[in-house]
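Below: one structure, written as structure tokens.
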DNA sequence: AGCAGCCTGTCA
DNA sequence: TGACAGGCTGCT
């Protein structure tokens, strides 16, 4: 599941391959993968050049000339690859041909991801970026504490809420909660200033370490060159049910929080 | 607030 | 063969 570190790895590997390139052709194989619709998407992109790349949370943003944008949200299994040919020919929902002979392939086995053409900045703000909180890596400790500490519900739900902060998904929520020694079920309003500061640092360190290791390839994540990441080998609790906690040796437990598998150490992550 | 629906490959 | 994986929207 691509989260902030994985999307940033895609952005970094994508940027040198697409910056300054013009889009010479667009082919849509699965119309639902593109917004607002296949015709508007292809017409909007056609002839434009890619002038910038950016990322907010899990959203990949390509800046185009004439003030337009294209965004890519990979959701569960989306992949972006730039190459002469698609390394795997199945599940290719869109192909964007560049003026150097390479193509940007969008591949997505489960068809949850979306590519969105935005004619201007307002369409970007009101569309893909609407209701999205600050990027998880841009959020300073003080603002993090204010945002997270004021929310009701369970702590893990707050970390996953893209309106509060953008970029954290199931893997990095579980991993950073373990690193901070906090229960996924904790009441955010009951956390001390120290708890919130520890959680902020744990989240930041987890995201940055994952980024350094090219992301977590738990299912089929790969960067724009088709390379897998290695951070899955450093996971402390995520999908390690029954295996020993790397800190205390107690078996990792799995529960369901907000409909998602949640992995934690019952000894290191006490409820408050 | 909570959950069905979107999807399909993987695993029990 | 059926349960499970889960980001996000939209419905109740």
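Residue numbers (this note's numbering): 4 to 275. The beta-carbon is built from N, C-alpha and C at its ideal position, and this holds for glycine as well. As the structure is a prediction and not an experimental result, all values here were calculated from the model.
In or out: residue i buried (at least 16 other Cβ within 10 Å) or exposed?
i           : result
residue 115 : exposed
residue 131 : buried
residue 16  : buried
residue 259 : exposed
residue 113 : exposed
residue 121 : buried
residue 143 : exposed
residue 128 : exposed
residue 203 : buried
residue 125 : exposed
residue 183 : buried
residue 43  : exposed
residue 2   : Here the chain comprises residues numbered 4 to 275, so residue 2 is not present and cannot be evaluated.
residue 156 : exposed
residue 6   : buried
residue 58  : buried
residue 264 : exposed
residue 205 : buried
Could you give the residue range of the alpha helix (DSSP H) that holds residue i?
i           : result
residue 41  : 41-48
residue 127 : 124-129
residue 160 : 158-163
residue 210 : 196-215
With a cut-off of 8 Å on the beta carbons, I'd call residue i and residue j a contact; round off their distance for me.
i           : j           : result
residue 95  : residue 110 : 5 Å
residue 324 : residue 30  : No answer is possible for residue 324: the residues shown for the chain start at 4 and end at 275.
residue 216 : residue 232 : 6 Å
residue 194 : residue 152 : 6 Å
residue 53  : residue 22  : 6 Å
residue 234 : residue 212 : 7 Å
Measuring only the C-alpha atoms, how far is residue i from residue j?
i           : j           : result
residue 238 : residue 69  : 43 Å
residue 28  : residue 104 : 11 Å
residue 123 : residue 197 : 42 Å
residue 86  : residue 154 : 44 Å
residue 45  : residue 34  : 11 Å
residue 141 : residue 78  : 21 Å
residue 266 : residue 241 : 5 Å
residue 66  : residue 48  : 11 Å
If you follow the beta strand (DSSP E) that residue i is in, where does it begin and where does it stop?
i          : result
residue 30 : 26-31
residue 71 : Where residue 71 is concerned, there is no enclosing beta strand (DSSP E), given that its DSSP letter is neither H nor E.
residue 14 : First-last for residue 14: 7-21, but that is the alpha helix (DSSP H), not the beta strand (DSSP E).
residue 55 : 53-59
(request) Please list the segments of the beta strand (DSSP E) lying wholly inside the segment 80-148, counting only runs of 3 or more residues, in order along the chain. (result) Counting only unbroken stretches of 3 or more residues, the beta strand (DSSP E) elements lying wholly within the segment 80-148 are 81-86, 95-101, 106-111 and 117-121, in sequence order.
(message) As an exercise, report each continuous beta strand (DSSP E) stretch of at least 3 residues that is fully enclosed by the segment 225-262, in chain order.
(response) Segments of the beta strand (DSSP E) lying fully in the segment 225-262: 256-260.
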